[in-house]
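Just so you know, the sequences run in chain order A and B.
For the first sequence, position 11 (counting from the first letter as 1) is numbered 11 according to our numbering, and the numbering increases by one without interruption.
Add 1000 to the 1-based position in the second sequence for our numbering, that's all there is to it.
2 protein chains.
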Amino acid sequence: MTSSSVPPLTKNQSLVYTALNEADGPLTAYTILDQLRDEGLRAPPQVYRSLERLIDLGMVHRLETLNAFVACRHPSCEDHTHAVFMICEACDQVAEVGDKTLTNSLNRVARGYDFALSKAVVELHGTCAQCVAPTDAREGKE
Amino acid sequence: MTSSSVPPLTKNQSLVYTALNEADGPLTAYTILDQLRDEGLRAPPQVYRSLERLIDLGMVHRLETLNAFVACRHPSCEDHTHAVFMICEACDQVAEVGDKTLTNSLNRVARGYDFALSKAVVELHGTCAQCVAPTDAREGKE
DNA sequence: CGTGTTATGTTATTGCATAACGCGGCAATC
DNA sequence: GATTGCCGCGTTATGCAATAACATAACACG
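In structure tokens form, the structure reads like this:
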């Protein structure tokens, strides 16, 4: 697990990425700032600049519906502009998934309207499996 | 089924809805506020409260990636929690579409992870047909 | 060195959204 | 008719999100 595939990150970028990578959920820019104040970060631009770079590198995703950020954990995140997220509103966990059929559907819809798709934001809100069935056999499906 | 026409809206709600409906694209809450200052609106909560109600009624959608709002123009907008938007970054026009296959894909993905989907945010960014292939360049574009 | 470039630090501001308080109309009840 | 409770409304103030603008440091390279 060396940083073989990781491009050279600056100190701030490393700090921000580590914070996101070690978090168990999405973090807002200001939360990151607070966490890294001891490390020397003191103002929003330092965080936002690092985030911008990390997003460019495909190492971090921005969650539009949360105004928050997560480290990319997609097994084979080949297309960072078409990531799909499932966001549990009970535990705040975020899962990133890639689905070929879904991507195809998106592309097909866009093409049907002669729309040149450059980026797809897909964020699914709901309740994750663990939070739906926490050792409880209740059939609360809706 | 499709409710005949507009449910009883309060004055502020009507003002906000009219502003959105007559706009040729999405508006931010503060833009709406500015436009309606002459009509008596003076503070953000008045706009946000109206927007909240209009969204509940399914008459308005919030565009998460723009922090903006549009009147619902979906021909048969039966499911306001699964609307799909195509957002042209050249002309700022927004098209709302409903696609059965896409919706099915979303539901299938969610189910595959035992994820109880409550709301899907799908916002496609790119360039619309008119902006990709400008048939006539007489419009004072940009 | 001097210069260009890149990363950084800092202050201030803009933009987006909501908390919190209080008022006034209005229907239901007494 | 007065009392009460709800609801929409108006207002102030605040908090969070993001960026503009400017100044500095660190470094590569001729």
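Where is the CB? At the ideal position from N, CA and C, for every residue including glycine.
Backbone CA spacing between residue i and residue j [nearest angstrom]
{"i": "residue 1096(B)", "j": "residue 1066(B)", "result": "14 angstroms"}
{"i": "residue 93(A)", "j": "residue 24(A)", "result": "7 angstroms"}
{"i": "residue 116(A)", "j": "residue 1132(B)", "result": "8 angstroms"}
{"i": "residue 1057(B)", "j": "residue 1129(B)", "result": "31 angstroms"}
{"i": "residue 1032(B)", "j": "residue 1054(B)", "result": "14 angstroms"}
{"i": "residue 111(A)", "j": "residue 118(A)", "result": "12 angstroms"}
{"i": "residue 63(A)", "j": "residue 1134(B)", "result": "33 angstroms"}
{"i": "residue 82(A)", "j": "residue 123(A)", "result": "11 angstroms"}
{"i": "residue 1015(B)", "j": "residue 1074(B)", "result": "21 angstroms"}
{"i": "residue 1120(B)", "j": "residue 79(A)", "result": "20 angstroms"}
{"i": "residue 127(A)", "j": "residue 98(A)", "result": "19 angstroms"}
{"i": "residue 52(A)", "j": "residue 61(A)", "result": "10 angstroms"}
{"i": "residue 90(A)", "j": "residue 1113(B)", "result": "16 angstroms"}
{"i": "residue 1125(B)", "j": "residue 1036(B)", "result": "29 angstroms"}
{"i": "residue 29(A)", "j": "residue 43(A)", "result": "10 angstroms"}
{"i": "residue 39(A)", "j": "residue 19(A)", "result": "11 angstroms"}
{"i": "residue 104(A)", "j": "residue 34(A)", "result": "40 angstroms"}
{"i": "residue 1100(B)", "j": "residue 100(A)", "result": "17 angstroms"}
Per DSSP, the bridge partner or partners of residue i
{"i": "residue 1096(B)", "result": "1085(B)"}
{"i": "residue 1117(B)", "result": "126(A)"}
{"i": "residue 61(A)", "result": "70(A)"}
{"i": "residue 27(A)", "result": "69(A)"}
Whole-number beta carbon distance between residue j and residue i, since they are thought to touch under 8 angstroms
{"i": "residue 1068(B)", "j": "residue 1059(B)", "result": "So it is not a contact: roughly 15 angstroms between Cβ atoms."}
{"i": "residue 17(A)", "j": "residue 27(A)", "result": "Not quite, the Cβ-Cβ distance comes to about 11 angstroms (not below 8 angstroms), so this is no contact."}
{"i": "residue 109(A)", "j": "residue 1106(B)", "result": "Contact flag wrong, Cβ pair sits at about 12 angstroms."}
{"i": "residue 1012(B)", "j": "residue 1041(B)", "result": "7 angstroms"}
**Study point:** the segment 72–92 of chain A touching the segment 42–50 of chain A, judged by at least three CB pairs closer than 8 angstroms
**Key:** Touching, no, given that fewer than three Cβ pairs across the two stretches are closer than 8 angstroms.
Practice item. Taking only beta carbons into account, state which residues of the segment 18–31 of chain A come closer than 7 angstroms to chain B, listed in chain order. Key: Answer set for the segment 18–31 of chain A: empty.
Practice item. Give the residues from the segment 1050–1071 of chain B that approach chain A closer than 8 angstroms (Cβ to any Cβ), ordered along the chain. Key: Under the 8 angstroms Cβ criterion, the segment 1050–1071 of chain B contributes 1064 and 1065.
Exercise for review: Taking only beta carbons into account, state which residues of the segment 1118–1131 of chain B come closer than 8 angstroms to chain A, listed in chain order.
Suggested key: For the segment 1118–1131 of chain B, which is checked against every Cβ of chain A, the residues closer than 8 angstroms are 1118, 1119, 1120, 1121, 1122, 1123, 1124, 1125, 1126, 1127, 1128 and 1129.
Point to revise | Residues of the segment 72–102 of chain A with Cβ closer than 8 angstroms to any Cβ of chain B, in chain order | key: Residues 84, 86, 88, 89, 95, 97, 99, 101 and 102.
Exercise for review: Closer than 9 angstroms, Cβ to Cβ, to anything on chain A: give me those residues from the segment 1105–1118 of chain B, in chain order.
Suggested key: Look at the segment 1105–1118 of chain B: the residues with a C-beta under 9 angstroms from a C-beta of chain A are 1105, 1106, 1108, 1109, 1110, 1112, 1113, 1114, 1115, 1116, 1117 and 1118.
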